[in-house]
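In the working numbering, the protein residues as written are 700 to 971. Yeah, the Cβ is synthetic: ideal placement off N, Cα and C, and Gly gets one too. The structure displayed is predicted, hence computed values, not measured ones. Take a look at the structure below.
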């Protein structure tokens, strides 16, 4: 796993703040740390190298310098996406899946999220449009939290990094506590702390000067009641499950480092 933090807005001592935020989540990325600071935006990153070990340093900018991203996660179908982009004339400088997102966003904007198969959270600074884009994977596997303080948007992979922002306190939210005792966890966007929020799964936040919007980019497609099933018998269902599971495992084996898996004796582990 990696971790990142950053801000959108005008602040003082940006370098020092990013250093404190990333130090708070350094355990998420022991291999490298990096920072990017612009006039009214900043990104910091702690990296655990999995793909593109030698050339995947972050935050990563595109060749034009107009787009800069801090990314946590894996894009399982990045090779297929990369091939499609190369066929369109795109040139890559690295072997990382992070650069694939930069090219896709440059082509499609936030609509590119519908093409990503993976576990991810990222912050992308678009200097041309003066906007910060935060996004999270469909299931919410990778965390992403945010808060607003004095007109500045702060965000990070863990809440402890946000607590390094001056004036942001760990004030308990009693409604969140009730949800924790009842449901085991607060319901996003609520967290255990007042004024600190979690970006919901399958959501994208777009922050521009004076405006922040959040929207869903994907919804689970439940079959309609009474609709005919595509699978007519158990053998067909078992065959499709085998194909889907095999493909999912194959995609998750892509890495530039040795891959292992923690498995128990439960149904899901036994299937894998």
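Residue 897 to residue 827 span [Cα, whole Å]: Here residue 897 refers to the residue found at position 198 of the chain shown. Here residue 827 refers to the residue found at position 128 of the chain shown. Approximately 27 angstroms, taken between the alpha carbons.
Secondary structure of residue 951, DSSP reduced to three states: One-based indexing of the chain shown puts residue 951 at position 252. Looking at residue 951 - three-state DSSP - the assignment turns out to be helix.
The segment 720 to 727 / the segment 876 to 888 touching (three or more Cβ pairs under 8 angstroms): no
What is the DSSP secondary structure of residue 806, counted as helix, strand or coil? Taking the chain shown and counting its residues from 1, one reaches residue 806 at position 107. Residue 806: helix per DSSP, three-state reduction.
Reduced DSSP category for residue 880 - H, G, I as helix; E, B as strand; rest coil: Counting from one through the chain shown, the residue named residue 880 turns up at place 181. Looking at residue 880 - three-state DSSP - the assignment turns out to be helix.
Is it buried or exposed for residue 734, if we count other Cβ within 10 angstroms and need 16 for buried? Along the chain shown, read from residue 1 onward, the residue named residue 734 stands at position 35. It counts as buried.
State the start and end residues of the unbroken beta strand (DSSP E) segment that holds residue 972. Because the chain spans 700 through 971 in this model, residue 972 falls outside it and cannot be assessed.
Within 8 angstroms, do at least three Cβ pairs link the segment 838 to 857 to the segment 777 to 788? In short, these stretches do not touch, since the Cβ pair count stays below three.
Please tell me whether residue 707 and residue 770 are closer than 9 angstroms, where the distance is taken between their beta carbons. Position 8 of the chain shown, counted from the first residue, corresponds to residue 707. Position 71 of the chain shown, counted from the first residue, corresponds to residue 770. Going by C-beta atoms, residue 707 is not nearer than 9 angstroms to residue 770.
Among 894, 853 and 790, whose alpha-carbon lies nearest the alpha-carbon of residue 872? Taking the chain shown and counting its residues from 1, one reaches residue 872 at position 173. Ranking 894, 853 and 790 by Cα distance to residue 872 puts 894 first.
Pairs of beta-carbons, one from the segment 728 to 745 and one from the segment 755 to 770, closer than 8 angstroms: are there three or more? yes
Residue 822 classed as buried or exposed, judged by whether at least 16 other C-beta atoms fall within 10 angstroms: By 1-based counting over the chain shown, the position of residue 822 is 123. By the neighbour-count criterion, in which 16 or more other beta carbons inside 10 Å mark a residue as buried, residue 822 falls on the buried side.
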